[in-house]
Structures are given as C-alpha cells and as structure tokens.
Amino acid sequence: MEFIEWDQKFEVGEIRIDIQHKHLVSLINMLHAGVNAGMNSTIVGNILDELDMYVIVHFTYEEKWMEAREYPEADSHKKQHLELRQKLANFRSEYQHDPDLPCGPLCDFLRKWLLEHVLEEDKKFSAYV
Ligand SMILES: [Fe+2]
Ligand SMILES: [Fe+2]
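To convert, take the position in the sequence shown, counting from 1, and add 9; that gives this note's numbering.
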C-alpha cells in the first residue's frame, strides 16, 4: 500500500491540475519509500529537489488559472501556496546541513498538507472549470 493512495475524491475536474496533483502524490510517495528503504542522502536530496521544483510548476499553473478566471479567493489561496514553499525551503536547507535529519515528519506534514489543501481549497475550483 502506498503512503498516499490516490482517490477519485481528490479530483478537481481540471485535467492538468488533476495530473499535477497525481504527480505530487507520487513524488511524496517516492520520498517516503526512499526514506523507509534507507536510501542515501544524495538520492533523498534529489527527490526533495524534484519535489520543490514541481511544487513551483504546479502552484504557478494554479495561480495563473485563478487569475484567468478572476477567482475570488485567489489571494488567500496564494498565501497557502507561499507558506508551503517556505516550509519546504526551510526543510531543504536544514536537510542540506544535516543529511541524517529524519524525513518522516516532513513526509507526514506533506501528506496532511497536500490532502487538506486539495480537498478544502483546490476542490473549490470545480465550480470554475
Ligand atoms: Fe492550490
Ligand atoms: Fe493544487
């Protein structure tokens, strides 16, 4: 069983956003599996880099999407995106200084953040698709 199991209820109904969310889920699953399998810190660091880059790709897409539709809750939504990026950036710099830092709490945080954000915030996009 995967760390995060994709479920139809996560679908927003905008194909690119749904594909991007699935990719984020697979990156978090990969990070979790890597940490559990005792992968070396270089590989874990690479997955973190990939995750960080893809989060930017995804948030940029959603933010442009919201702007194009004059989405009324865009400001608070963008704030949540920024908070996650800051949290991820903090973790990455901590991890760069200490590669033995456990990634378990980060995996748990990412799972909770992603699922809550998708279900509570991104889901509201459905009405604007
Ligand atoms: Fe979002
Ligand atoms: Fe999203």
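Ideal Cβ placement from N, Cα and C applies to all residues, glycine included. Treat the numbers as computed from the prediction; the structure is a model and nothing was measured.
Its Cα nearest to that of residue 121, the residue 34 stands out among 21, 76, 34 and 49. Looking from the CA of residue 32, the closest CA among 15, 83, 45 and 23 belongs to 15. At a Cβ-Cβ threshold of 7 Å, residue 90 and residue 29 do not count as neighbours.
Under the three-state reduction of DSSP output, residue 38 falls in the helix class. The beta carbon of residue 137 sits closer than 7 Å to the beta carbons of 78 and 80 from its chain, once the five residues preceding and following it are set aside; these are given in chain order. Of the residues assessed, residue 131 falls on the buried side of the cut-off, its CB having 16 or more other CB atoms within 10 angstroms. For residue 137, no alpha helix (DSSP H) encloses it, and the DSSP letter there is neither H nor E. Environment of ligand 1, chain-ordered: 68, 71, 86, 89, 90, 126, 130 and 131, taking every residue with Cβ within less than 7 Å of a heavy atom.
Going by DSSP, residue 74 is part of the alpha helix (DSSP H) stretching over 50-77.
The alpha-carbon of residue 59 is positioned some 23 Å away from that of residue 128.
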